[in-house]
Amino acid sequence: MLRKLEYVIRRLAMSVLVLVGLSIITFTLARVVPSDPAALFIGPHPNPDDLERTREKLGLNRPLPAQYASYVSEMLQGDWGDSIATKRPVLQEIGDRWAASLELLIVAMTFAVLVGVPLGVFSARLQGSPFDVGVRVASIVGVSLPAFWLGLLLQIIFFRNLHLLPLAGRFDTDLRFTNPIEMLTGFHLLDTVVTGNWVAFKDVAWHIVLPALTLAAYPIGLIARMTRATMLEVLAQDYIRTARAYGTPESFVVYAYALKNAIGPTLTVIGLTLAFALTGTFFVEIVFNWPGLGMLTVHSLLNVDYPVIMGITLFAASGYVLINLLVDLAQAWIDPRISLG
Amino acid sequence: MQAAEWLNRRQGFAEPGELRPRRQLAHVVYVILRDPLALFSVIILTLFVLIALFGPWLAPYPEQGYGKTNVATRMLPMSPEHPFGTDRLGRDMLSRVIIAAQPALVVSLVVVLIAVLIGAPLGAVAGYFGGRLDDLIMRVTDLFLAFPSLLLAMAIVAALGPGLDHAALALAISWWPWYTRLVRGMALGLRQRYFVQAAQSIGVPARVIIARHILPNCLSPILVQATVDIGTVILASSSLAFIGLGAQPPAPDWGLMVSEGRTFILDEWWYSTFPGLAIFISVLAFNLLGDTLRDIFDPRQYR
């Protein structure tokens, strides 16, 4: 138990170190790389007074370590600068949109795990069969598809040709007048269920299908492939051979013994894919007009809204660190061998 | 993997990753010929390279491929004259897609080459010397790996300003750490081997050992990784172009073309479809080949 606690503390300390490193990189990109950061932070056509004031505020005349120190303290105090386009604080802009991105990410990853893990397990059990070959091809196809193109294809097929699913957006605009969604958490699926707004729930659910499918393609491929490799590795262990020698039914060997021991590594893979999907969200959002961080990024890129771009980078990278931390902690909790390492 | 086992037995000692170069090449060719998927990927990649080399001679309207507009042929659907249709400025999409193959391949090769040239020596040094130097190099590497590669690339391009050259630089900066980690792992094992210890004992300088013994022995895994990465970088650079950070119009770029056609997908669906298909097929081919090569060089990965 003590060992486990020690591991958790060590892992937490490591994440803090990584966050410090991240802040150095984002600081470098925000304040050191551009030739005149103040001009970028204030937008096009600045008047000289504003420019001088911004330089003063960013402390560009001071030595780099001092600049870095004030950068970190600003970030910690929640002062991430103001958007050039909307004049609103960057954190507010991010706060309005992160829930949309996270909801999409969670739905897509749930789907990917529910499809990918069984595919990998069956594939390992049927090693060498046509099914196994099919899964191999499908998973390589999954990781090779450009998300932004797959999204367009699905729109062409399911909206244009089959008229089955909505084209884009989080919900039908009419909904605003007929069954407005109450904003509690920003997660529309959750909000509509809590308030019993079933009409809106159905609409929101239909809207998330295509973006979630698009986003899930890459994770499904990676998860299926890695689950299969892990399962095969476990199935080659001595205790599995022993179990088989005792005449344990094969299904019991695979699903009870092997699967249980394959969960740890699979969890790592899921964490890794979650991180990949994080950037994937950006592109899927653009294609489906999904009002999340990805859309915000693209608008900011078009407007050269520098504070927002740097804010999103820091935010997403911190999210990535957090995901890695949670995966490692979950693994230590599931697999007692980890804490010895 | 029967072939590998058979070769092992014949040689009596080597693991598949350590076959002598000529045998190794023969083995790779043998495995690829036996695997229809690998064969398919090699054929596609050969075509890709040929199209990249001879694009201007293969394209029906090469000058349109490079960006010359023709208002008379705007937004034509697919036809024998324009098999992929035409775009909003009347350019033949087939020519555009063909001409875009060369920059896609060149950018990707350059990015991966830079990443290998930075990453591999760093990894070899870290793994060979160990200690403080190793700690320092690996902490920096971990730091870069703490960013999702594409996100880091996006932030760097945003800082430098959009453009294909900046996109390529940003991708190289985000890709080298993978090679450092890969080569360091190999170097850690290699420095325990007799031939390295023998070289050390007769006083061969460290830089010579790294250059002659460590790096050459890391070549196979680097090649496998690079094969997959060339595909991944094609995907990444077209993704950057898609959001306006990579190649700028009127440059022929698959990601840019998909982005231009996005507004028209409901009526002129071919506009985005064919350039996207080109990205997909080429990335798929690199991934399939990389997958086969990994099976050959890394027998621990179960097939």
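Those protein sequences? They're chains A and B, same order as listed. First residue of the first sequence: 163, per my numbering; consecutive thereafter. First residue of the second sequence: 43, per my numbering; consecutive thereafter. Think of the CB as a built atom: it goes at the ideal place given N, C-alpha and C, for glycine as much as any other residue.
What residues from chain B crowd round residue i, counting only those whose CB sits closer than 7 Å?
| i | result |
| --- | --- |
| A:Pro196 | Ala201 |
| A:Ile302 | Leu326, Asn329, Leu330 and Asp333 |
| A:Leu191 | Ala197, Ile198 and Ala201 |
| A:Gly183 | Leu185 and Ala188 |
| A:Val460 | Ile285 |
| A:Thr475 | Leu193 and Ala197 |
| A:Ala437 | Pro190 |
Closer than 7 Å: is that where the CB of residue i sits relative to any heavy atom of the ligand NAP?
| i | result |
| --- | --- |
| A:Glu265 | Only the bare structure without any ligand can be found here, which leaves the ligand NAP out of the picture. |
Give the residues of chain B in contact with residue i, contact being defined as C-beta atoms less than 8 Å apart.
| i | result |
| --- | --- |
| A:Ala478 | Pro190 and Leu193 |
| A:Val299 | Leu79 |
| A:Phe445 | Ser281, Phe284 and Ile285 |
| A:Val415 | Near A:Val415 there are no residues of chain B at all, since even the closest Cβ is about 17 Å away, more than 8 Å. |
| A:Leu491 | The premise fails here: A:Leu491 is roughly 17 Å from chain B at the closest Cβ pair, so nothing lies under 8 Å. |
Please compile the residues from chain A whose C-beta is within a distance smaller than 7 Å of the C-beta of residue i.
| i | result |
| --- | --- |
| B:Asp177 | Here the premise fails: no neighbours, minimum Cβ distance about 12 Å. |
| B:Ile93 | Near B:Ile93 there are no residues of chain A at all, since even the closest Cβ is about 18 Å away, more than 7 Å. |
Measure the Cβ-Cβ separation of residue i and residue j and say whether it is below 8 Å.
| i | j | result |
| --- | --- | --- |
| B:Tyr103 | B:Ser137 | yes |
| B:Leu257 | B:Ala162 | yes |
| A:Ala247 | A:Leu220 | no |
| B:Leu282 | B:Ala80 | no |
| B:Leu155 | B:Ile179 | no |
| B:Ala195 | B:Ser216 | yes |
| A:Ile382 | A:Val277 | yes |
| A:Phe320 | A:Leu372 | yes |
| B:Tyr170 | B:Arg235 | no |
| B:Pro278 | B:Leu175 | The sequence given here has Ala at residue 278 of chain B, not Pro. Cβ distance not < 8 Å, so B:Ala278 and B:Leu175 don't count as in contact. |
| A:Ser177 | A:Leu476 | no |
| A:Thr430 | A:Gln493 | yes |
| B:Ala240 | B:Pro145 | no |
| A:Gly473 | A:Val252 | yes |
| A:Phe339 | B:Phe284 | no |
| B:Gly273 | B:Ser324 | yes |
| A:Phe203 | A:Gly243 | yes |
| B:Ile338 | B:Val84 | no |
| A:Leu266 | A:Gly454 | yes |
| A:Thr347 | A:Ala231 | no |
| A:Ser263 | A:Gly409 | no |
Which one or two residues does DSSP pair with residue i in a beta bridge?
| i | result |
| --- | --- |
| A:Pro292 | For A:Pro292, which the question treats as bridged, DSSP gives no partner whatsoever. |
| B:Asp271 | Answer is none; B:Asp271 lacks a bridge partner. |
| A:Asp244 | A:Pro251 |
Over what stretch of residues does the alpha helix (DSSP H) that includes residue i continue unbroken?
| i | result |
| --- | --- |
| B:Thr111 | Neither: B:Thr111 is in no alpha helix (DSSP H) and is coded neither H nor E. |
| B:Ser314 | Trp312 to Phe339 |
| A:Lys219 | Pro210 to Leu220 |
| B:Phe237 | Tyr236 to Ser243 |
| A:Ser235 | Leu226 to Leu238 |
| A:Asp258 | Val252 to Arg287 |
| B:Gly297 | Trp296 to Gly303 |
| A:Gly358 | Neither: A:Gly358 is in no alpha helix (DSSP H) and is coded neither H nor E. |
| B:Ile251 | Ala248 to Ile251 |
| A:Leu316 | Ala309 to Leu316 |
| B:Pro78 | Pro78 to Leu100 |
| A:Glu168 | Leu164 to Phe189 |
| A:Ala203 | For the record, residue 203 of chain A in the displayed sequence is Phe; it is not Ala. Its alpha helix (DSSP H) spans residues Pro199 to Ile204. |
| A:Leu337 | Leu337 to Thr340 |
Name, please, each residue of chain A whose Cβ falls closer than 8 Å to the Cβ of residue i.
| i | result |
| --- | --- |
| B:Ser280 | Pro308 |
| B:Ile321 | Pro308 and Trp311 |
| B:Gly245 | Chain A residues near B:Gly245: none, gap ~37 Å exceeds 8 Å. |
| B:Gly273 | Ser306 |
| B:Ile307 | Leu314, Gln317, Ile318 and Arg322 |
| B:Leu287 | Leu463 |
| B:Trp311 | Ile318 and Arg322 |
| B:Leu277 | Ser306 and Pro308 |
Below 9 Å on C-beta distance, what does residue i contact in chain B?
| i | result |
| --- | --- |
| A:Tyr482 | Ala188, Phe189, Pro190 and Leu193 |
| A:Leu440 | Pro190 and Leu193 |
Chain A partners of residue i, CB-CB under 9 Å?
| i | result |
| --- | --- |
| B:Leu87 | Chain A residues near B:Leu87: none, gap ~13 Å exceeds 9 Å. |
| B:Val300 | Pro308, Phe310, Trp311 and Leu314 |
- [ ] May I have a chain-ordered list of the alpha helix (DSSP H) segments no shorter than 4 residues that lie completely inside the region 127–186 of chain B?
- [x] Given a length threshold of 4 residues, each whole run of the alpha helix (DSSP H) inside the region 127–186 of chain B is given here in chain order: 135–171.
Task: Complete alpha helix (DSSP H) runs within the region 444–478 of chain A (minimum length 4 residues, chain order) - done: DSSP runs (the alpha helix (DSSP H)) wholly in the region 444–478 of chain A: 455–464.
Task: Runs of beta strand (DSSP E) wholly within the region 186–232 of chain B (minimum 3 residues, chain order) - done: Considered as a whole, the region 186–232 of chain B harbours no complete run of any beta strand (DSSP E) with no fewer than 3 residues.
Task: Residue ranges of each beta strand (DSSP E) within the region 358–432 of chain A, 3 or longer - done: As far as the region 358–432 of chain A is concerned, it has no whole beta strand (DSSP E) run of at least 3 residues.
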